[in-house]
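Numbering (this note's numbering), first residue to last: 1372 to 1631.
All C-beta atoms in this analysis are idealised placements derived from N, C-alpha and C, irrespective of residue type, glycine included.
Below: one structure, written as structure tokens.
What follows is the structure, given as structure tokens:
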């Protein structure tokens, strides 16, 4: 169950679920709906270039995932320049009135790593246009700081390359970004299984965004439920505070008063 007393905010928006999910790669819209429901997510990210939002052109995502229930997060997947990203999100705002957006500007087709220069430029442009920008970036703390200074509403460093499922490859950098940031930090890309999501939350991430880890699982609906519980467990563990790590063993039972 989501903790209503542990809400998080991005821009002017408030949420209880800390799991954000993508809407691509599923077998069909029916599976998209069932898996999204199982995830407990309140935010769904949508690639405008790849998803049908118009019911007049056949089954639409908006018919499947009610915008009154879910917060749509349009993203700029497929964009390679700041100008392309701006044009895409201006269209998104015209189509659905969406102001909270996810920015990603890919600089390399093989690694799918973001282009730091174009991403930073796009952030400046989008903030100037009044968007609340959640920015996908590398795990470079300096780049993350520059994006926050440019007005990003949230920083979303990759755990590992998009769709790789390799988990968090550089936890030190993720922790550094969390420590220096005054805006939400959400791990995005590279999550493979529930333990990866739990680890991200135990580190202090505000949330986790994923698509492939759920949609490409053998059973996406079961994996969506697993991810929901993993994020909740990781968050609760972070709030509880883990025990001190010791170099030697420490008995769980008292040694005083033992029977001879």
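Would residue 1456 pass as a contact of residue 1442 if the rule is Cβ separation under 8 Å? no
DSSP on residue 1501, reduced to helix/strand/coil? coil
Tell me which residue opens and which closes the alpha helix (DSSP H) that residue 1458 is part of. 1453-1467
Measure the C-alpha to C-alpha separation of residue 1498 and residue 1450 and round it to an integer number of angstroms. 18 Å
Report the option in 1521, 1602 and 1501 whose CA atom is closest to the CA atom of residue 1487. 1521
Measure the C-alpha to C-alpha separation of residue 1589 and residue 1556 and round it to an integer number of angstroms. 29 Å
Please list the terminal residues of the continuous beta strand (DSSP E) segment that includes residue 1622. Element bounds for residue 1622: n/a, residue is neither H nor E.
Given residue 1581 as reference, the closest of 1617, 1574 and 1567 once Cα atoms are compared: 1567
What did DSSP end up calling residue 1599 once you bin it into helix, strand or coil? helix
Cβ shell of residue 1402 (< 7 Å), same chain only, five flanking positions each side left out: 1591
Would residue 1574 and residue 1603 be called neighbours here (beta carbons separated by less than 8 Å)? no
Among residues of its own chain, excluding the 5 on either side of residue 1514, which ones have a beta-carbon nearer than 6 Å to its beta-carbon? 1487 and 1508
Can you tell which of 1416, 1405 and 1458 has its C-alpha closest to the C-alpha of residue 1579? 1416
Just tell me which of 1534, 1601 and 1553 has its CA closest to the CA of residue 1587. 1534
Look at the Cβ atom of residue 1518, then the Cβ atom of residue 1494, and state whether they are nearer than 8 Å. yes
Helix, strand or coil at residue 1609 according to DSSP, with G and I counted as helix: helix
C-alpha distance - residue 1458 paired with residue 1452, whole-angstrom precision: 10 Å
For residue 1529 versus residue 1559, is the C-beta spacing smaller than 8 Å? yes
List the DSSP bridge partners of residue 1555. DSSP output for residue 1555 lists no bridge partner at all.
Could you check where the alpha helix (DSSP H) with residue 1585 kicks off and where it finishes? 1583-1586
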